Structure formats: structure tokens, C-alpha cells
Amino acid sequence: MYRGREGQWAWLLHRLSGLAILAYLMLHIVSIGSMIFGEEVYMSIHEIYDLALFRLGLIAVVGGVLYHSLNGLRVILLDMTGRGIVYQRQLFYATLVLTLAGMAFTAYKVIPRVLGGY
Amino acid sequence: MIRAKTYNDAKQQSHTNAELNWWIFMRISGVVLTFLILGHIWMTYVQVSEKDATFDAVVFKLQQPAWKLYDWLILSLSLLHGANGARYSIEDYVRSRPNRFWVKSIFYTLIAALFVFGTVGLFSI
Amino acid sequence: MQHHRYDVIVVGAGGSGLMASLYAAKNKNVSVAVISKLYPTRSHTGAAQGGVGAALGNVSEDHWEWHMYDTVKGGDYLADQDAAEIFAKDIIDAVYELEHMGLPFSRLPNGKIAQRKFGGHTKEFGKAAVERACYAVDRTGHMILQTLYQQNVKAGTTFFNEFQVLDLIIEDGVCRGVVAYEISTGEVHVFQAKSVVLAAGGYGRVFKITSNALSLTGDLMSIYYRKGLPLEDLEFYQFHPTGIAKLGILITEGARGEGGILRNDSGERFMERYAPSIKDLAPRDIVSRAIYMELREGRGAGKDKDYLLLDLTHLPRDVIEGRLPDITDFSRTYLGVDPVTAPVPIQPTAHYAMGGIPTTVDGECLANSSTTVRGLYAAGEVACVSLHGANRLGTNSLGDLIVFGKRAGIAAARYAQDAQFEDLPARADGAALDEIERLKSGHGTENAARIRKELQETMMDNVSIYRTDETMSRQVEILKELQARYRNVSVTDTSTKYNTELMEAMELGYMLDVAEAMTASALNRKESRGAHAREDFPDRDDENWLKHTMAYRDLSRPGEVNIGYKNVVLGKFEPKPRVY
Amino acid sequence: MHVNLKILRYNPEVDKKPHWETYNVECEPGDRVLDLLNHVKWYVEPTLTYRRSCAHGVCGSDAMLINGRNRLACKILIRDLTKDGGTITVEPIRGLKVEKDLLVDMDPFFESYRAVLPFFINDDPVPAGERLQTVEDRERFDQGTKCILCAACTTSCPIFWVNGRYLGPAAIVQAHRFIFDSRDKGTSERLNLLNQNTGVWRCRTAYNCTEACPREIPVTQLIEEVKRAIMYQQA
Ligand SMILES: Cc1cc2nc3c(=O)[nH]c(=O)nc-3n(C[C@H](O)[C@H](O)[C@H](O)COP(=O)(O)OP(=O)(O)OC[C@H]3O[C@@H](n4cnc5c(N)ncnc54)[C@H](O)[C@@H]3O)c2cc1C
Ligand code: HEM
Ligand code: SF4
Ligand code: F3S
Ligand code: FES
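Protein chains in written order, with the numbering used here: chain A, 48 to 165; chain B, 6 to 130; chain C, 1266 to 1845; chain D, 6 to 240.
Structure follows, in C-alpha cells:
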């Protein structure tokens, strides 16, 4: 593995998260869109989402989206301003911290619900 | 032996702005999507439980035109943004020309189908 | 074997080779190709830092006569004054021409090319130092090399990169082409040509401490010499005063031009004693000898007292980092010394060959003191038009490449335009193939690297800054022994692709032979002049030695060198004692 | 001190695949990696193959993957890599075909270089003296002029590894040098060339190039400046 630094990992995570949320989006469209086939089809798909595993998986989706969008903003800063490049490393760590914070908050909201069966 | 490429060889290469435009689009759509998607997740998942996303709740929400537009924007922008993002990856990793053609054709068709399906879904309510 | 045909072949893609190819190709009647054992941009011209001297007078008044005078005096009156005059005049337009090719010179506030002081360059015939070195930060040579390569790309020049020339085809006094080894495939190619320009650089690697690249092994000088053709003034080899201690990496004289000061262990500015008027900016031979004396008298710094100090700490940080960024970087990288806050350990380093293949002012190679080898030209460090005489001034080599590289290119093309391709001898590549075969299939037990190491160490001990009859006679014997051992070298790598071991072994052979010619020339010259300083003959002797040495290998008695002479072209400036 | 020099070796005439070989070498902390390679080549294993020339970081011959990062073998010292008894790994740079041991085929690299019109373009009649240029205008493109075409940047770029059609950072640095030269008139042609799928838009700001550059050129920054120049030009 090339021992690249922050920039390389930021890019790799950005690409992976982008592709992952694209995959999720495609499934999401199918599941929500299934509505047009009536309540039964919709709910049968939707029940799968109710499984604890999936509900926890959504924490990962939040992480992915948060990381991708924050890092996306970082990339835009790099593209548009000289400052962005100077601080690209710090911006990467900020992105990570905010992403983890967002995931923690989601977990804090979701896990009690999962445990409580709500 | 190396023969240096001449000025004229290079001059004759054609030129379009397609990549520039996609690059700009990725950035603008990205900024817009940040608000749309984070808002969407906040409202439909973090604030309320997944359990609340019942058929009725979804139908109720989507009957309001403002939400219809909101969701359709997410649908189209993120599909287009994601599709172009995936194109970057395909062009990087799928290196043989014929393969790239097939992978791209199938992928774009899928995206288009999803877009039509999602749009019909949204507006059929 | 592959066979190629070009009207003009240029060997070497440093500043002189690229200049020659560019100008040869401006003659639309001829085809031109460049052969180089390195990718062109790897040539050692790229290492030159300080600048190229030309009397533009952008900072203060300057005239070509002053430049010519400094060149002749710097060369201890051994410089040929016809060459020096052409040079001092032509270099002015040549620098403008480089600028028009896009070379990014540093600038003065008024937008003109920036110039700075450099050793030995003075105004009004020696009165005071003058700003004559045109520079591009401290990477002038890099910018010249890049710019000339770029212009060749633009012109669509044909390059044979990583082709190592192994032989020149010369029959009946006419050069008919070259033989080259394609390093990537191991194939031997014959290039038939109407004229050939040699621009293969110097041979600093015969010394242990050198600023020269590992590739500078005197290949073409040796090949020329092995044919019984002369090498001129090889005893004059320049040691640059400021190499990074132990490594030899160069710290440009521009550092002193910007105000740097040489100090000994006690912090004394010792150059005040050796050259009271221009002190640290005296010509290189003088400063190198001064350093050598300081070291010998125990005033060196460090625990072994084997180096001196270049002090820049009194200069503002932005001058050091802004105008000398590369050498700041070298010092930080290789020594862990920051020149802004601490003086840099330095020692003299083998730097530049004033001598080489004798040529006329049009680059035509000389077979003796008067006749030329038809169709063969040379320029740059490999050649000796004798612009530099006994000692080259800083910045005059880059100028030499530009002025005489161009002249050689133009002359070679003009010659080729009217000449016919001459027949090649049968087995033109025979000698080269035999040598390869010998090295590859030999059963010798000698290791080329060990011989090379001994060569470099003994040359450093015996034929460097100060020389005596005793040390040089010893070196003659050592060289004979090393040459004998060289015949028992065999390479272990028998592969065809990228056999760099084979090429290095070849290069060792060349180094041994230039060292032979050099040592014999130095032993023969019984005076001290410029870079040639003999302890047993400390004075210059114009009566007997105001002449160029021509060293010929004796083809019938291996190991013997015959010395001939060539007159110095005098003119405007009468030889005078050289004081600064 | 002693270090283990672990080299990824490959001889096309014998080996099917590259393989590691380790040499225990005696050295000083201040030695360059190139000194160790030379030692191995000269006294231990003469078939070891690599390019080198200047030995002080100005000719660009010896970019290699050293301890997982692109470095010039002649510009990285042992003391900055490991301690006594440690291991140093050396591999050829990535993304270019390995010809033998540490030596790669540089032709594609130079082809990209030539594709960006890396030469001064200005067909106006030349003045008698120099073309004038202010100190600031000269400074504007100074960074790119330092480039020694060593390919450390291009071969550290994750996009270049997988997509050889990307011109790569080195070529863009060269283009930048002319685009921002106030005397040059070829700007729009160069911008058009870089405005292609194979040009600047392939760069994903992975930043490896900047970290790899032995000449401390802020490569990513220069690439971004070219992106912006294209954007403003087309706007
Ligand atoms: C560190 C350093 C700093 C210097 N600074 C200055 C300065 O500030 N000002 C100044 O005026 N001078 C300076 N000089 C001197 C000057 O740079 C050189 O003398 C000059 O660059 C030599 O140029 P060249 O074209 O003759 O050869 P080089 O640039 O050395 O090129 C030699 C070419 O010949 C090729 N070649 C060699 N052998 C063969 C072969 N067998 N087959 C095929 N090709 C071959 C090589 O591939 C290469 O392309 C400096 C020198 C050094 C070492
Ligand atoms: C939420 C806000 C988003 C922002 C701010 C954003 C921003 C960006 C930006 C700026 C890029 C270009 C990266 C580059 O050129 O280097 C990009 C690439 C990408 N985006 Fe997004 N994006 C967002 C949402 C999404 C969504 C929802 C998806 C999935 C559908 C997605 C999928 C991708 C993909 C696959 C890439 C390509 C990655 C690559 O080539 O390395 N993005 N994004
Ligand atoms: S930009 Fe830096 S890393 Fe890239 S080729 Fe030039 S010098 Fe080497
Ligand atoms: S590593 Fe590659 S992606 Fe861009 S910033 Fe450098 S060229
Ligand atoms: S050998 Fe010249 S850059 Fe390393």
C-alpha cells in the first residue's frame, strides 16, 4: 500500500462513500417507489427495514453521507481557494470529527429506539 | 527512438467543455445536496423513527407539492451526481475500451430506469 | 545490428549538444539526430547553479572587452584570444536569444535580466567586481537545459535516448559516423553520418570528491584519444572551492557573489590574506589553493580539521532562501545545516575540465596542432577551444556551451550540406562488439568498482590541487597497474536488457585512459599556471610554457604518452603576472 | 550501523514475477539510499539495475518507492528512514512498466510531457534586448520551473496508477509554468488541452503528488490554479 497521507485517504473514503451511498440511493428509490404497487408490496419491503440490523445500518448510511458531503465541501474549498490547500489536512480531520459526531448522535437517537422496539 | 510531438500535432486535438461542465455541476449539485439530503435524513430518520415511515405517512407527505418537489430534486440531483461520480470510477478502473462501453451503457440505462421509476412514483400520488 | 543514416549526429544532450542540434536543424537541408546515454533532461548541465556571464550591463556598466580581459587573465593567459573575443562578444546576443526562447531569468526591478557578481569578473580591467552573471535563481543550468530541450521538442528533433556511444568511425581522417549501444535492448547500432558533433561533457568522476554526475566519465575524450588523436591541456582541471564537505556537491560561487564569506576554524576571513583586492571572489584556482593551504596549516574546522566554513549567516533570510534556495536545500538535506543560522562545511571539489578535444573556433576537431578531422566537431566541456586557458572563470562554461555549441552545430550542418556519405568500413562496429564480448565472456576476476575506487582515490591524492613530480610519477605507475587489472575485469550480468554493469565497466575503461593522458600532461608541464599548481615549480614560466599541451597516446607502445604542443593565440592582452 | 535493504527485484530475462531480496549493508546515518544501492551494485550484486546520475537531486533519474513513498534515492538519507538494524524497502515507481529491477519505462511519462506543449510560444518579433518582465510576473510561475521531470509526483497519484491516460501532475506542472508566464502566448491552446478528460479534471486532489515532489513544488496547488484558469477562461 502506498503510504500516502491525509489527502489520499480522504479521496479513497470519498470515492467509497460516494459509491456506497449511490448503491443505497438506488435501493432506496426502489423501496420507496414500490409504493405505486400498493400498500402491501410497500410494507413487505419496508418490514425488512424494520430489522434491527438494517436500522443500525442506517447509522452507517448517515456516516457515509455526512463524510461524503463534508469532504465534498472540503474538496470545493481546495478547488476554489488557496487557503483550502494550505489547510487541507486540518479540514480532513475536521471532516472526520464531524462525521463521527454525527454518527454518535444518530446512534444515541436510534439505539434506544431499537432496544425499545419503537 | 523518440520523435518529439510537434506543436501542430497538439494543436489539432479537438476540444469540448464537457468535463469542465461536469466538474462544475458536481460542485454545485454537491452543495445543494448537502442541505437537501441532510435535511431529508434529519426529518425522516433521525428525528422520527424508521417505524413511522408507514405507507400512510409517506403518502401523506408526498401529497404535498412542496415535499414532492423537494424529494424530486433529491432524486434527480443525486442520481445525476452519483451517476457522474460512478462514471469517474468506471473510466478509472475499466480500462479496455469495449468493456468500458458496455459497463457504461448498462449503468446509464439502470440510472435512467430508476429515475423514471422514482419520478412516476412521486407524481402518481 | 541496426543501421541509421543522418546528415548530422550530435553525441550528448547537455547544453552544448542541444544547442548544436537546434542550430544544425535550422539548416533545412540536413537531417539531425541526437544520441545520449541519459535522457536529455538528466544531463549534468542541469546541475549548474550560478549563472551565465555576459556583459549586458544591466546592473552596472560593462563591456565585452572587460569580459574578454577577465577570461584571458582568469585563464592565466593560456586562453586563445581569438576564441575569447568571439565568446565575449557573442555571448551577449546568445543570452538574449535564450531569453527569447523563454528562459526564465530572474529579473531586476526594471524588468531586465538580473545579474550578480561572480569570481574573477571585474570592471575596467580588474578594478572591482562587476555584476555579470545572468541568473535564474540558483538553477541557471537547469533552466538552460530545460529551455533548450523544450526548444528541441518544439522543433521536433529526433532523439536516441539511453544510447551509449562506444566508438567513432574515423577512416582516412574523415569521420563517418558513430557506434552506439542501445541500453534498453543491448543492441549495437551503427549511425552513419556526414558530420558528428561531440558534446559529451566532462570527466570529473576520475576524482573521489567531485561535483560531477556519476555519468561524467570522459567517454568521448577517451574514444578520441584511443585513436591516437590528441587531447589538449588536460593538466588543467578545476577544483571548485566550495563543495559540500565529503560529498563534493557544489555550492555555487553565487553564494559568495551574494556576500558569503569563507572562514577558517578561528573565524578568520582568510581570503584577505590571499587576494586582498577581491577576497572571496577571487578566481577558483586561487581560492581552492588558499583553502588547501589553510587545511594544511591546521586551520580547518571539525574534529579532523578537514573542512572550512562558508558563512552566510550575516545575510538576511530572504536573500539566502530567495536567491539561493537550492543550495539552502542541499545544505539542509545532506548536512542538516541551515545556512541561515550556521556556516556550511565546505571543501574543494573536482569540478571542471578546461582541457579536452582540441577544436578550432568553429568546433572542428584537430588531429594535431593544425589539421582537422573532417566531419568531426566538438563543443562544451568535452572540447577545448581553449576559451578557458589554464583556469575557467565561473559562469563561462554555460556561456561556452551556448556560443560554441551553436557554432559547432551550424558548422557541422554547413559541412554536411555539401558533403557525401562516405563508405563505412567493413565491421564498423567490430571494436565495440569485441570489447562487449570480452567483458561479458571474460573469466577475469577483477571487480570494476574496486579499480574505480582506487583510481578515484589515487587521483585525488596525487594529481589534484597541488602536484609534484613525485606524486605524479607514482600515479603514472598506479595507472599502468590499474589498466592492467582492468584487462581482467569481467561483468557478471550477462543479460541484454539494461545491462548497466556492462556500461559502467566500459566507462571505467574510459576513465583510466583520460586519467593517463591527464597525468602525463601534468607531469610534463614544469611550471605552475592557473589550476595546474606544482610545488616543485611554483612559478609561471611564459618563456617555456606559454603553449598548449597536446597529449597523444602512443599506439605502438601501450601506456606511453607522447606530448606535443600548440601555440597560444595571443592578441589584445599581453601576458602579465596574475594578481587580484 | 547496519540496515537491511529490501529490494523488489525483477529480471525480465529470467523472472516471471518480481520478488524481494534483502541485503544487509553497512552504512552511515548520513548516507543516501543511492549510496546503499551503489554499494550493493558495486560490491555485492552487480546485476542490480536502476538509473542515477547527478546524485544530489537535480537530474531526476532515481525516483523510487522507498519505504512506501516516492522519493529520490539520492535525496533521502538513511537516518530519516530507519535506525540501526532497521529495514528499508525499495520498489520501482508505480504505474509505469517495470523494465528491470528499479528501472521503469519512462516513455509514456515523457509522452504526456510533450503533449502539453512544454515550450515557449510567442511568435511576435523579438526585441533587440530581452523581453521585459516584472519581478512579480517572474515570481508567478517560479514554482513550476523547479521541476526536474523525475515522475515522483505522477507515479504517486492513485488516479495515474489505475488510469494511465491521465496526463498526470508532472505534465500539468510543466503546462502551468508556461500558462502563467507573462511572456508566453500559447495559453489558450494549453488550457484547451488540459480541459480534456485526460487533463486536469482527472485530478481528485489526492495530494500524494505534492508530498512526493522532491523539489517541494506545491503540485496540487498548481493543478488547482490551472483548473480555475480553465474555468475563468471558458466563463
Ligand atoms: C555542479 C555544477 C555546477 C556548475 N555551475 C556552473 C555555473 O554556474 N556556470 C557555468 O558557466 N558553468 C557551471 N558548471 C559547468 C557546466 O555546467 C558544465 O561544464 C556544462 O554543463 C557541461 O555541458 P556539456 O553540454 O558539455 O555536457 P553535459 O551537460 O555534462 O552533458 C553530457 C551529455 O553527453 C552525454 N554522453 C556522455 N557520454 C556519452 C556516451 N558515451 N554516449 C552518449 N552520450 C553520452 C550525456 O548523456 C549528456 O547528455 C557547473 C558544473 C557542475 C558540475
Ligand atoms: C450530500 C452532499 C454531497 C456533496 C457535497 C457531494 C460532493 C461531491 C463532490 C464535490 C464530488 C467530486 C469529487 C471530486 O471531483 O473529486 C463528488 C463525487 C461523487 N459523489 Fe458526491 N456529493 C454529495 C452527495 C452525493 C450523493 C448523494 C451521492 C450518491 C448518490 C454521491 C456520489 C458521488 C460519487 C460516486 C462521486 C465520485 C467520487 C470519485 O470520483 O472519487 N454524492 N461528490
Ligand atoms: S513536479 Fe516534482 S515530483 Fe513531479 S516530476 Fe517535477 S520535480 Fe518530479
Ligand atoms: S496525487 Fe493525483 S489526484 Fe491530483 S492532487 Fe495529485 S494529481
Ligand atoms: S541521481 Fe539525479 S536526481 Fe537522484
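All residues carry an ideal CB built from backbone N, CA and C; glycine is no exception.
All values derive from a computational prediction rather than experimental measurement.
Check, Outcome
"Going by alpha carbons, who is nearest to residue 70 of chain A out of B:107, B:34, B:78 and B:88?", "B:88"
"Sorry if obvious, but does the Cβ on residue 154 of chain D come closer than 7 angstroms to a heavy atom of ligand 3?", "yes"
"Give me the chain G residues within the contact set of residue 22 of chain B, using Cβ-Cβ distance strictly less than 8 angstroms, ordered along the chain.", "Although the question refers to chain G, the structure presented lacks it and instead comprises the protein chains A, B, C and D."
"For residue 1467 of chain C versus residue 1646 of chain C, is the C-beta spacing smaller than 8 angstroms?", "yes"
"Between the region 26-39 of chain B and chain D, which residues of the former have a C-beta closer than 8 angstroms to a C-beta of the latter?", "27, 28 and 29"
"Against residue 167 of chain D, what residues of chain B qualify as contacts under a CB-to-CB distance less than 8 angstroms, listed in chain order?", "97, 98 and 100"
"With residue 127 of chain B and residue 76 of chain B assumed to form a contact (beta carbons below 8 angstroms), what rounded beta-carbon distance in angstroms separates them?", "6 angstroms"
"Name the chain C residues that come within less than 9 angstroms of residue 48 of chain D, Cβ to Cβ?", "1712, 1714 and 1715"
"Count the other C-beta atoms from every protein chain shown that fall within 10 angstroms of the C-beta of residue 95 of chain A, then say buried if there are 16 or more, exposed otherwise.", "exposed"
"Between the C-alpha atoms of residue 1435 of chain C and residue 1673 of chain C, what's the straight-line distance to the nearest angstrom?", "18 angstroms"
"Starting from residue 25 of chain D, trace the beta strand (DSSP E) in both directions and tell me its first and last residue.", "24-31"
"Can you check whether the CB of residue 95 of chain D is closer than 8 angstroms to the CB of residue 15 of chain D?", "no"
"Against chain A, does residue 44 of chain B count as a neighbour if the rule is that its beta carbon must be under 8 angstroms from one of theirs?", "no"
"Let me confirm a value: residue 1393 of chain C is counted as buried when at least 16 other C-beta atoms fall within 10 Å, else exposed. Which label applies?", "exposed"
"To which residues of the same chain is residue 1748 of chain C closer than 6 angstroms at the C-beta, ignoring the five residues directly before and after it?", "1777"
"Classify residue 84 of chain A: buried if its beta carbon has 16 or more other beta carbons within 10 angstroms, exposed otherwise.", "exposed"
"Measure how close the beta-carbons of residue 1395 of chain C and residue 1382 of chain C come, nearest whole angstrom, since I'm counting them as under 8 angstroms.", "7 angstroms"
"Using the rule of at least 16 other Cβ atoms within 10 Å of the residue's Cβ for burial, across every protein chain shown, is residue 21 of chain B buried or exposed?", "exposed"
"Let me know the secondary structure DSSP gives residue 1385 of chain C once reduced to three states.", "strand"
"Between residue 1615 of chain C and residue 1469 of chain C, how many whole angstroms is the CB-CB distance? I'm expecting something under 8 angstroms.", "5 angstroms"
"Note down, in chain order, each residue of its chain lying with its Cβ closer than 7 angstroms to the Cβ of residue 1769 of chain C, except the 5 sequence neighbours on either side.", "1713"
"Can you tell which of C:1440, C:1745, C:1705 and C:1696 has its C-alpha closest to the C-alpha of residue 1719 of chain C?", "C:1745"
"Spatial neighbours of residue 1830 of chain C within its chain, please: CB distance less than 8 angstroms, with the 5 preceding and 5 following residues excluded, ordered by chain position.", "1634, 1812, 1813, 1814 and 1815"
"With a threshold of 6 angstroms on Cβ separation, who are the neighbours of residue 92 of chain D within its own chain once the five nearest residues in sequence on each side are excluded?", "9 and 11"
"Kindly indicate the opening and closing residues of the alpha helix (DSSP H) around residue 1366 of chain C.", "Unbroken run through residue 1366 of chain C: none, as it is neither H nor E."
"Give, in chain order, every residue of the region 85-96 of chain A whose Cβ lies closer than 8 angstroms to some Cβ of chain B.", "86, 89, 90, 93 and 96"
"Name, please, each residue of chain A whose Cβ falls closer than 7 angstroms to the Cβ of residue 51 of chain B.", "153 and 156"
"For a minimum of 3 consecutive residues, which ranges assigned as the beta strand (DSSP E) are wholly contained in the region 70-143 of chain D?", "74-77, 92-96 and 103-105"
"Hey, does residue 122 of chain B have any beta-carbon neighbour from chain A nearer than 8 angstroms?", "yes"
"Under 8 angstroms, Cβ to Cβ, is there at least one residue of chain D near residue 1781 of chain C?", "no"
"In whole angstroms, give me the CA-to-CA distance for residue 12 of chain B and residue 58 of chain A.", "Reliability fails at residue 12 of chain B, whose pLDDT of 48 lies under 50, so the model's placement of it is uncertain and the value that follows must be treated cautiously. Straight-line Cα distance between these residues: approximately 35 angstroms."
"Could you spell out the range, first to last residue, of the beta strand (DSSP E) harbouring residue 1816 of chain C?", "1812-1818"
"By the 8 angstroms beta-carbon criterion, what residues does the region 120-154 of chain A contribute toward chain D?", "122, 125, 126, 127, 129, 132 and 135"
"Confirm, please, whether the CB-CB distance from residue 178 of chain D to residue 152 of chain D is below 8 angstroms.", "yes"
"Consider the C-beta atom of residue 49 of chain B and the heavy atoms of ligand 2; say whether any pair is separated by less than 7 angstroms.", "no"
"Report the residue from D:83, D:158, D:110 and D:172 whose alpha carbon sits nearest the alpha carbon of residue 55 of chain D.", "D:110"
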